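Numbering (our numbering), first residue to last: 392 to 1083.
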């Protein structure tokens, strides 16, 4: 008989941990929560201090029965759910169901699933932390009060299947506000003057900076440009000042949940949901041949950048052996702790730096390996030396006009030898060399090119940009971002267009109703303060019932007004502009789980549906008869094909353009680059300047 019963959340963990602990331990999985609020009713007693009513989750009866049977045979029970609020609540529910004393040393937590970490954690069991449990309960009750009061109102006034919530409704509001900014944006014209200059065999570019008296003249029109050009004299530019500096650049800290989601989106094109799913697999463990199942990364729901001394030492040894002493960080910088960070566990890092990505190729799927490589490189780079850049700024004068040229080169790559953080806005730093210029030197003009530009509206949110904004505003926590983004898309409140969020008509209608009747729910400051209040509950500074009571008093008043005054909204189907070929009734656009489609308005008498065909205004370059339409592959990737398929089998991953190549009359396409697109010919070497 096993002396000790250990309960974890997933079967994958159970198998690995049992092997680490030995014969005296039996490890079982609870498969997540065993108790929760009922789905069929509110489950919160507003009259009795918001007491939650917990029931066994449907389908969990057999699991709980098996755990109770194992518990009766065990000398001691250890509850080893995940090391966060949710995990603490799962442990508390299990303790209640299995009659475990919550004040006894029954709770075991570990940040990584390795033999050393598991064995060490069992040397330090502790009681269940009720402050953590109460913080989770407060969030659960709060979300239930909001969701189960507002959602039925939306079903009654708008349509079935809608929902509202503090984080999801605020996220939709941010997307709508950005869309409104874009619609209201008025582009402003501005110009630049770029000079291509020559010194000997060296060519470099410089931009108009100011007049010689340092007076900065804004170039808002072609007339402004002409006024500057009139003050230039001949082809000679004299170097009037040279400024050289050394700039140091620090590595990014190791990943936390939000930064992992952002970087995986930028560099790997992963959705937040996919990133978290793969990270969960790497955390719970992968079969590594004779080594058995090994957890490859630390816990992936965290907002702390703290790193253990053991991990720092192992990384330092690896850097010394692989890169040399000069690449090792001189001293461990103290990472700046975010004001709202839960510092209970570490940043996301590999459980062992020695397991480099190449050594794991035979054991990981392609996507698992790509994510692991990202985590491994980011962590190791965070422990490496600063990069050192030599920068150079040169002012050149022609007549009464100053141009400025800037250049930089990497003097010492430091951490950049391994990894550089991606960005939504900037191109990664590369060498931009200038010739060796000294004050008094004369260089010559090869070309002067004025360029017209227009200011651009703020960009729509990508998943990465939205996660970053939510984090900066203090809305939600690491575990909420991926499910929130998933929910607002499933509900049909937003859609992805070219990987950027756009609000739907339904999203705007729901947002207007919530804004009118429940303004606090989507108020950024209010939502962020509520997150801080939940943190205060976790830290034992305030009772959770006080937080809920303070919220509900105002919320209940808004609810009463909404019940009386909210008007019903009819969402009319958008006409598709064609008739049904089966019954001649008008076709309309509908929104399904896989996006928009056409359906007969005579439903349910007529159930005819059709996919939406999007023409791009280009004649097929292959058959010269059909039109090119936009299609989607099984993996939702957009491609282009002839509408005469299968008679014509033309397909292209790149978007064909309606104009011919000016060089050979061949077909032109838009080729997607990492940053922007480039027009290219499919038959000759013609290319146009990339557009961001």
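The beta-carbon is built from N, C-alpha and C at its ideal position, and this holds for glycine as well.
Values in this document were obtained by computation on a predicted structure and should not be read as measured data.
{"Item": "Which residue from 544, 517, 516, 395 puts its Cα closest to that of residue 904?", "Value": "544"}
{"Item": "Give me, in chain order, the residues of the same chain whose beta-carbon lies closer than 6 Å to that of residue 480; leave out the 5 immediate sequence neighbours on both sides.", "Value": "524, 527"}
{"Item": "Assuming residue 716 and residue 774 form a contact by the criterion Cβ under 8 Å, report the distance between their Cβ atoms to the nearest whole angstrom.", "Value": "Their Cβ separation, rounded to whole angstroms, is 13 Å, which puts residue 716 and residue 774 out of contact at 8 Å."}
{"Item": "So within the region 618-676, which uninterrupted alpha helix (DSSP H) runs reach at least 4 residues, ignoring any that extend past its ends?", "Value": "648-659, 663-675"}
{"Item": "Kindly list the residues whose CB is nearer than 7 Å to the CB of residue 416, restricted to its own chain and excluding five residues on each side of it in sequence; keep chain order.", "Value": "393, 395, 397, 409"}
{"Item": "Are residue 509 and residue 491 touching if we call contact CB-CB under 8 Å?", "Value": "no"}
{"Item": "Can you give the Cα-Cα distance for residue 844 and residue 1061, rounded to whole angstroms?", "Value": "21 Å"}
{"Item": "Going by C-alpha to C-alpha distance, which of 1016, 472, 894 sits closest to residue 498?", "Value": "472"}
{"Item": "Could you check if residue 737 is buried or exposed, using at least 16 other CB atoms within 10 Å of its CB as the buried criterion?", "Value": "buried"}
{"Item": "Which full runs of the alpha helix (DSSP H) of 4+ residues lie inside the region 858-925, going along the chain?", "Value": "872-881, 896-908"}
{"Item": "For a minimum of 3 consecutive residues, which ranges assigned as the beta strand (DSSP E) are wholly contained in the region 397-443?", "Value": "416-420"}
{"Item": "For residue 706 and residue 572, what's the separation of their Cα atoms in angstroms?", "Value": "46 Å"}
{"Item": "Determine the direct distance from the alpha carbon of residue 872 to that of residue 880, and round the result to whole angstroms.", "Value": "13 Å"}
{"Item": "Apply the 10 Å Cβ neighbour rule to residue 400 and answer buried if 16 or more other Cβ atoms are within range, or exposed otherwise.", "Value": "buried"}
{"Item": "Suppose the cutoff is 6 Å on Cβ atoms and the five residues either side in sequence are ignored; what does the same chain contact list for residue 922 look like?", "Value": "865"}
{"Item": "Could you tell me the alpha carbon to alpha carbon distance between residue 674 and residue 685, rounded to whole angstroms?", "Value": "9 Å"}
{"Item": "Give a yes or no on whether 8 Å exceeds the smallest Cβ distance from residue 691 to chain C.", "Value": "Looking at the structure shown, chain C is missing, and only one protein chain is on hand."}
{"Item": "Cβ atoms of residue 1058 and residue 1047: under 8 Å apart, would you say?", "Value": "yes"}
{"Item": "Short of 8 Å in beta carbon distance, which residues of its chain neighbour residue 802, apart from the five on each side in sequence? Order them along the chain.", "Value": "637, 779, 780, 781"}
{"Item": "Of the choices 883, 825, 751, whose alpha-carbon is the least far from that of residue 681?", "Value": "751"}
{"Item": "Is residue 425 closer than 8 Å to residue 515 when the C-beta atoms are compared?", "Value": "no"}
{"Item": "Distance, Cα to Cα, residue 836 vs residue 622?", "Value": "15 Å"}
{"Item": "Do residue 597 and residue 794 have their C-beta atoms closer together than 8 Å?", "Value": "yes"}
{"Item": "Can you tell me whether residue 403 is buried or exposed? The criterion is at least 16 other CB atoms within 10 Å of its CB, across all chains shown.", "Value": "buried"}
{"Item": "Could you spell out where the alpha helix (DSSP H) holding residue 512 opens and where it closes?", "Value": "506-512"}
{"Item": "Which residues mark the beginning and the end of the alpha helix (DSSP H) in which residue 763 is found?", "Value": "757-773"}
{"Item": "Considering residue 786, what are the terminal residues of the beta strand (DSSP E) in which it resides?", "Value": "778-789"}
{"Item": "Assign residue 517 to buried or exposed, taking buried as 16 or more other Cβ atoms, counted over all protein chains shown, within 10 Å of its Cβ.", "Value": "exposed"}
{"Item": "At the level of alpha carbons, what is the spacing between residue 677 and residue 505?", "Value": "11 Å"}
{"Item": "Just the Cα atoms here: how many angstroms apart are residue 1044 and residue 533?", "Value": "47 Å"}
{"Item": "On the criterion of 16 or more Cβ atoms from any shown chain inside 10 Å, does residue 634 qualify as buried, or is it exposed?", "Value": "exposed"}
{"Item": "For residue 466, which of helix, strand or coil comes out of DSSP?", "Value": "coil"}
{"Item": "Helix, strand or coil for residue 538, going by three-state DSSP, please let me know.", "Value": "helix"}
{"Item": "Would you decide whether residue 920 is buried or exposed? Buried here means 16 or more other CB atoms lie within 10 Å of its CB.", "Value": "exposed"}
{"Item": "Who pairs with residue 1071 in a beta bridge, going by DSSP?", "Value": "1060, 1078"}
{"Item": "Can you give the Cα-Cα distance for residue 507 and residue 419, rounded to whole angstroms?", "Value": "20 Å"}
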